[in-house]
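What follows is a set of notes on a single structure, which appears directly below.
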Amino acid sequence: EATAKMMRDELDRVVFLGIGGSYMGARALFESLCHRYHNELSRDERNGVPRIYFEGHNLDNDNSSGLIELLQSHCKNQKQLAEKWGIVVISKSGGTLETAAAFRWFRQSLENYYGKESEASCKYIVPVTGETGKLRDLSNAKGYPATFPIPDGVGGRFSVFTAVGLLPAAIMGLDIKQILQGAADITEQFKQEKPFHKNPVMEYTAVCHAAEKELGANIRVLSTWGGRLEAVGLWYDQLLAESLGKAEQGATPLTGVNTRDLHSRGQQHQEGKRDKLITNLHATTPSTEAISLPAFEDDFDQLNKFAGKTMPTFLEAAFGGTNQAYEEAKRPTANLFLSELNEYTLGQTLQMFMLATVLEGQLIGINPYGQPGVEAYKQNMGRILNKK
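Numbering (UniProt numbering), first residue to last: 1 to 388.
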């Protein structure tokens, strides 16, 4: 928290570099719990939280160069708070190409701005890495004053409750104690609740497992109601796919956002192959004040009959109508409700998904840890690059 406070107090922009589990948890926390247009707000409106950027998760020249260009054009006076920026680089080994290459580019830009041997160039680079490895070696050599460990034996997709997710969350001004409390409480409930219907981890695991084995539903659609939870779905995509997609087993995850995707994938979910379990992830109370539909004299769209109704009311109608349509078509559907979206409930949700994934691995005889299949492309990519 001390490092996070330093970065909030002294920087106006922070670039998080990481790929897979090294950034997806942090992004899920950011998109779920921070203002939807956070970076467009003034510093006061952001409560002193820096603008947040994510890079190093794709080999995309335009994205990386575009962000570097933005930083260079907006940050020209390092004595002005509004023009100071820093880097948090997250990589357990320090050798993953996407993140390592991005770190070189952004580190070069940062050192050119503050001065290669300056205190700021050292202070405003914060690595989160393993106890050993290339990034740890660099951190030791450069003397970066704040370097956070990733515990041995914790894979990236299970690391959101380590410094991998908690340092970014603290920089974002989130209550990390509430995140951890939510995770701890769902774990305790998983261990102690006897009635099956009061144990969300076991109930969710059983529904998913039964749908796949009994109904052939080997595609798991996580329908997030509202865009704020989409990044949670993408985080879960990695968790499920990398953990259970082994030995020619494992369901295929697919994240959607409703009502947006009802106008695309909704048709296939309603009338396509019967190979899907649709799980709705829905925060029933909006995080902001509900907006009401205004009346217009022209009533060109004939919506005056709904004047005064709120956006959440429309969403609930869409939610109910969609579930009814799936039920009538005998499409297997499950619901995960959050009373509201905050640090505590999100901590519960992320931990529930992780526990359920490990539990299902035991059911199907798959070790949910490790991702040997991912190494194949890395090795081939390295060989190809060495030939060029």
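Think of the CB as a built atom: it goes at the ideal place given N, C-alpha and C, for glycine as much as any other residue. Being a predicted model, the structure only gives us computed values, none of them experimental.
Would residue i and residue j qualify as a contact pair, given that the criterion is a beta-carbon distance under 8 Å?
i           : j      : result
Gly57       : Ile90  : Just to set this straight, residue 57 is His in the shown sequence, not Gly. Contact: no.
Ser32       : Val232 : yes
residue 390 : Pro168 : Because the chain is modelled from 1 through 388, residue 390 falls outside the range shown and cannot be assessed.
Gln348      : Ile176 : no
Thr288      : Leu338 : no
Leu336      : Thr252 : no
Glu343      : Gln178 : yes
His282      : Trp225 : yes
Leu29       : Leu174 : yes
Val128      : Ala170 : no
Ser22       : Gly155 : no
Met24       : Leu234 : yes
Lys92       : Gly130 : yes
Would you mind working out which of the options sits nearest residue i, comparing C-alpha positions?
i      : options                           : result
Arg107 : Ile87, Thr357, Gly361 and Lys194  : Ile87
Gln249 : Ile291, Lys213, Val257 and Ile176 : Lys213
Leu81  : Leu363, Val14 and Ala210          : Val14
Glu117 : Tyr144, Phe300 and Thr255         : Tyr144
Glu69  : Gln351, Leu110, Lys92 and Arg36   : Leu110
Ala102 : Asn342, Ser42, Phe54 and Glu340   : Phe54
Leu97  : Lys387, Gln379 and Lys305         : Gln379
Thr255 : Ser42, Glu45, Lys246 and Tyr236   : Tyr236
Gly133 : Ala295, Ala2, Pro151 and Ser121   : Pro151
Ala2   : Ala146, Gln181, Gly245 and Ala26  : Ala146
Gly370 : Ala307, Gly308 and Lys246         : Lys246
Gln72  : Tyr204, His263 and Trp105         : Trp105
Taking the straight line between their C-alpha atoms, what separation do you get for residue i and residue j?
i           : j      : result
Ser139      : Met172 : 23 Å
Leu166      : Val160 : 7 Å
Ile366      : Met202 : 17 Å
Arg261      : Tyr113 : Note that residue 261 is Asp in the sequence shown here, rather than Arg. So the alpha carbons of these two residues sit roughly 43 Å apart.
Ser292      : Phe314 : 10 Å
Leu222      : Val207 : 13 Å
Ala184      : Glu40  : 34 Å
Ile52       : Lys330 : 43 Å
Asn218      : Asn47  : 44 Å
Val358      : Ser243 : 8 Å
Gln192      : Pro200 : 12 Å
Lys123      : Lys5   : 13 Å
Ala290      : Gly308 : 11 Å
residue 389 : Thr322 : The question about residue 389 has no answer here: the residues shown for the chain are numbered 1 through 388.
For residue i, write down the residues that DSSP places opposite it in a beta bridge.
i      : result
Tyr53  : Val15
Lys276 : Ile219
Thr333 : Ile278
Ala283 : Leu338
Gly256 : Ser223
Val88  : Phe16 and Val126
| said: Tell me whether the stretch 361-380 and the stretch 56-75 touch, counting them as touching only if at least three CB pairs, one residue from each stretch, are closer than 8 Å. | reply: no
| So, do the stretch 268-280 and the stretch 316-334 have three or more beta carbon pairs nearer to each other than 8 Å? | yes
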